[in-house]
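K.L.:
What follows is a single structure, and I will ask about it in a moment.
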Amino acid sequence: MATATAQIHLRTPPKTKSLLILAAELSGATNLTDYILRAAVERAQADLLSQQTFALKKGPWNEFAKRLDATGRDLPRLRKLLTTPDVFAQNAQST
Numbered sequence: 550m551a552t553a554t555a556q557i558h559l560r561t562p563p564k565t566k567s568l569l570i571l572a573a574e575l576s577g578a579t580n581l582t583d584y585i586l587r588a589a590v591e592r593a594q595a596d597l598l599s600q601q602t603f604a605l606k607k608g609p610w611n612e613f614a615k616r617l618d619a620t621g622r623d624l625p626r627l628r629k630l631l632t633t634p635d636v637f638a639q640n641a642q643s644t
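Numbering (my numbering) for the sequence shown: 550 to 644.
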């Protein structure tokens, strides 16, 4: 892992700091900085993943689009799984 040399400074109300300290202690983080940094990095990665795009040249794009538009193959076991009521629905009907 790269050596941490860059700094980020935060100002927060005392109640927010107390909340973060308590959460950091309960999570087992080694310190408040590690807790905040881990949470911020996880959120940043999730935000970026939801925005990722990819580009294809015309030939591969056409093949990709063709496969997306194609009718899916029949998977009987999957169809059965998706059409069978789950245990929670079954329990709700019996009460």
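The beta-carbon is built from N, C-alpha and C at its ideal position, and this holds for glycine as well.
#1: Determine whether the beta carbon atoms of residue 573 and residue 585 lie at a separation below 9 Å.
#2: So what does DSSP say about residue 632, is it helix, strand or coil?
#3: Helix, strand or coil for residue 614? Go by DSSP, reduced to three states.
#4: In the DSSP assignment, find the alpha helix (DSSP H) that holds residue 587 and state where it starts and stops.
#5: If you draw a straight line from the C-alpha of residue 561 to the C-alpha of residue 589, how long is it?
#6: Tell me the DSSP secondary structure of residue 557 in three-state form.
P.N.:
In short:
#1: The sequence position of residue 573 within the sequence shown is 24, counting from 1. The sequence position of residue 585 within the sequence shown is 36, counting from 1. Their beta carbons are under 9 Å apart, which means residue 573 touches residue 585 by this criterion.
#2: Stepping through the sequence shown from its first residue, residue 632 is reached at position 83. Helix, per DSSP.
#3: Position 65 of the sequence shown, counting from 1, holds the residue named residue 614. Reduced to three states, the DSSP call for residue 614 is helix.
#4: Sequence index remark: in the sequence shown, residue 587 carries index 38 (1-based). Start and end: 581-598.
#5: In the sequence shown, counting from the first residue as 1, residue 561 sits at position 12. In the sequence shown, counting from the first residue as 1, residue 589 sits at position 40. Going from the Cα of residue 561 to the Cα of residue 589 covers about 15 Å.
#6: Looking up residue 557 in the sequence shown gives position 8. Correct three-state label for residue 557: coil.
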